[in-house]
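Protein chains in written order, with my numbering: chain A, -16 to 70; chain B, -15 to 213. Here a beta-carbon is modelled for each residue, glycine too, at the ideal position from N, C-alpha and C. Only a predicted model underlies this, so the values are computations on that prediction, with no experimental measurement involved. What follows is a single structure, written as structure tokens, with notes after it.
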Amino acid sequence: METRDLRLDGNAIGGLLLEVFGVDMTAAPSVCASCGSREAVARLDVYVNAPGVVVRCCHCEAVMIRIVQGGGRTWLDLSGTGCLELG
Amino acid sequence: MQETPRVRTLTLDVPGWPGHRAGQHLDVRLTAEDGYTAQRSYSIASAPEDGVELTVERLDDGEVSPYLVDEAREGDRIEVRGPIGRYFVWEASDLTPLLLVAGGSGVVPLMSMVRHRASAGGTASAKLVYSSRTLEDVIYRSELDELAARGDGLEVVHTLTREQPEGWTGYARRIDPELLREVAWPASARPRVYVCGSTRFVDAAADGLLALGYEPQSIRTERFGATGT
Chain A
-16 METRDLRLDG NAIGGLLLEV FGVDMTAAPS VCASCGSREA VARLDVYVNA
34 PGVVVRCCHC EAVMIRIVQG GGRTWLDLSG TGCLELG
Chain B
-15 MQETPRVRTL TLDVPGWPGH RAGQHLDVRL TAEDGYTAQR SYSIASAPED
35 GVELTVERLD DGEVSPYLVD EAREGDRIEV RGPIGRYFVW EASDLTPLLL
85 VAGGSGVVPL MSMVRHRASA GGTASAKLVY SSRTLEDVIY RSELDELAAR
135 GDGLEVVHTL TREQPEGWTG YARRIDPELL REVAWPASAR PRVYVCGSTR
185 FVDAAADGLL ALGYEPQSIR TERFGATGT
């Protein structure tokens, strides 16, 4: 298996995002802080085999979101996301 | 119900179930006696009109699917979260031509759409292009034959990539741009597209459709892998 075969999409973390944000985020528009692309979260590249979850822009591959859970806590890094629309 | 040697459909009775939309999935969490938990996502196979059914393929090194396919018995209790997904969903009231492209068990959420279309009397023209390894691996084969035979605008195109039975007249190769050009609507029909399968399958199908001139935003994809979150 190659790295590219491990690339999923935002659908795969729909349940996790529901837990973190309290709403279903798969159709939520997101803006990449690096290239400015606007895409539904479901279209973003997702890697779940890292320690935690890494979400990358599907255009420029910059890291947009990182989520790590452990010991009953959740760490959410949104520094690569320009905007996330909750609705 | 055993669909194929590796694939089984389970019917769930979920207290307080809010209803689902065609294409959504559920997270299933199993907890061992020592507290170890494993969680995976499974697409809902049933139409929104028909309760909750999951169709699960056994992955031999999986932590959840071997239990669901081989061991789960009627009356067993499992923990679920969902329904999940507001992007990879389709409504039968949508009249836009519908193109569904499935690789292996990626057919499951698309089957929910096909069943929803039939149950709700949807009139959108629909095509399901379904790639399986062998005829034995085709999930829902007889039901798909029946639905396509109704003549109400659903067409099912199979391709068998690894082995074909004698006298097979369908496609016998992986989905590629040429195959898609032969079976899919022209881009000018502006169909709504859902593609589900492994990452490689989805990328190949989406690239093929883009090469035909399909708009990127008209193609909704869902990739599945063996790991959960």
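So what does DSSP say about residue i, is it helix, strand or coil?
i         : result
Gly212(B) : Unreliable placement is indicated for Gly212(B), whose pLDDT of 48 sits below 50; the coordinate value is still reported in the next sentence. Of the three classes helix, strand and coil, the one that applies to Gly212(B) here is coil, per DSSP.
Cys66(A)  : strand
Ser202(B) : helix
Val40(B)  : strand
Thr183(B) : helix
Val73(B)  : coil
Leu52(B)  : helix
Glu33(B)  : helix
Arg26(A)  : helix
Ser172(B) : helix
Leu79(B)  : coil
Glu214(B) : This structure cannot settle anything about residue 214(B), because the visible part of chain B is limited to -15 through 213.
Leu194(B) : helix
Ala156(B) : coil
Ala189(B) : helix
I need the boundaries of the beta strand (DSSP E) containing residue i, first residue and last residue.
i        : result
His9(B)  : 9 to 15
Val85(B) : 82 to 87
Arg65(B) : 63 to 68
Arg56(A) : 56 to 60
Val37(A) : 36 to 39
Gly53(A) : 46 to 53
What is the residue span of the alpha helix (DSSP H) that residue i lies within?
i         : result
Met95(B)  : 91 to 103
Ser126(B) : 125 to 133
Val167(B) : 161 to 167
Give me whichever residues DSSP pairs with residue i in a beta bridge.
i          : result
Ile(-4)(A) : DSSP, once it has assigned bridges, lists no residue as partnering Ile(-4)(A).
Leu138(B)  : Ala110(B)
Ser25(B)   : Asp11(B)
Tyr178(B)  : Leu84(B), Arg204(B)
Ser13(A)   : Glu22(A), Leu67(A)
Leu(-6)(B) : Leu38(B)
Leu144(B)  : Ser116(B)
Leu(-9)(A) : Val29(A)
In chain E, which residues lie with their C-beta within 9 Å of the C-beta of residue i?
i        : result
Leu67(A) : The chain inventory of the structure shown lacks chain E, comprising the protein chains A and B.
Could you tell me whether the region 178 to 189 of chain B touches the region 146 to 153 of chain B, using the rule of 3 or more Cβ pairs below 8 Å? no
So, does the region -8 to 11 of chain A touch the region 21 to 39 of chain A, judging by three or more C-beta pairs under 8 Å? yes
Can you list, in chain order, the residues of the region 9 to 25 of chain A whose Cβ is nearer than 7 Å to any Cβ on chain B? Thr9, Ala10, Ala23, Ala25
Can you pull out the residues from the region 58 to 80 of chain B whose beta carbon lies closer than 8 Å to at least one beta carbon of chain A? Arg65, Gly66, Ile68, Gly69, Arg70, Tyr71, Phe72
Segment contact, 8 Å Cβ cut-off, at least three pairs: the region 98 to 113 of chain B with the region 50 to 57 of chain B: no
When the Cβ atoms of the region 73 to 91 of chain B are set against those of the region 164 to 174 of chain B, are three or more pairs found closer than 8 Å? yes
Please determine if the region 56 to 69 of chain B and the region -1 to 19 of chain B are in contact, where contact requires at least 3 C-beta pairs separated by less than 8 Å. yes
Looking at chain A, which residues of the region 189 to 209 of chain B have a Cβ within less than 8 Å of any of its Cβ atoms? Arg204, Thr205, Glu206, Arg207, Phe208, Gly209
Per the contact definition of three or more C-beta pairs closer than 8 Å, is the region 38 to 51 of chain B in contact with the region 128 to 136 of chain B? no
Contacting positions in the region 16 to 39 of chain B - beta carbon closer than 9 Å to chain A: Gln23, Ser25
Please determine if the region 38 to 46 of chain A and the region 9 to 28 of chain A are in contact, where contact requires at least 3 C-beta pairs separated by less than 8 Å. yes
For the region 174 to 185 of chain B, enumerate the residues whose C-beta is nearer than 8 Å to any C-beta of chain A, in chain order. Ser182, Thr183, Arg184
When Cβ atoms are compared, which residues of the region -13 to -2 of chain A fall closer than 9 Å to chain B? Arg(-13), Asp(-12), Leu(-11), Arg(-10), Leu(-9), Asp(-8), Gly(-7), Asn(-6), Ala(-5), Ile(-4), Gly(-3), Gly(-2)
Going along the region 45 to 63 of chain A in order, which residues come within less than 7 Å of chain B, judged by CB to CB distance? none
Please confirm if the region 49 to 62 of chain A is in contact with the region 101 to 110 of chain B, defined as three or more CB-CB distances below 8 Å between the two stretches. no
Residues from the region 39 to 53 of chain B in contact with chain A, defined by Cβ distance under 8 Å: none
Under 8 Å, CB to CB, which of the residues in the region 107 to 126 of chain B have a partner in chain A? none
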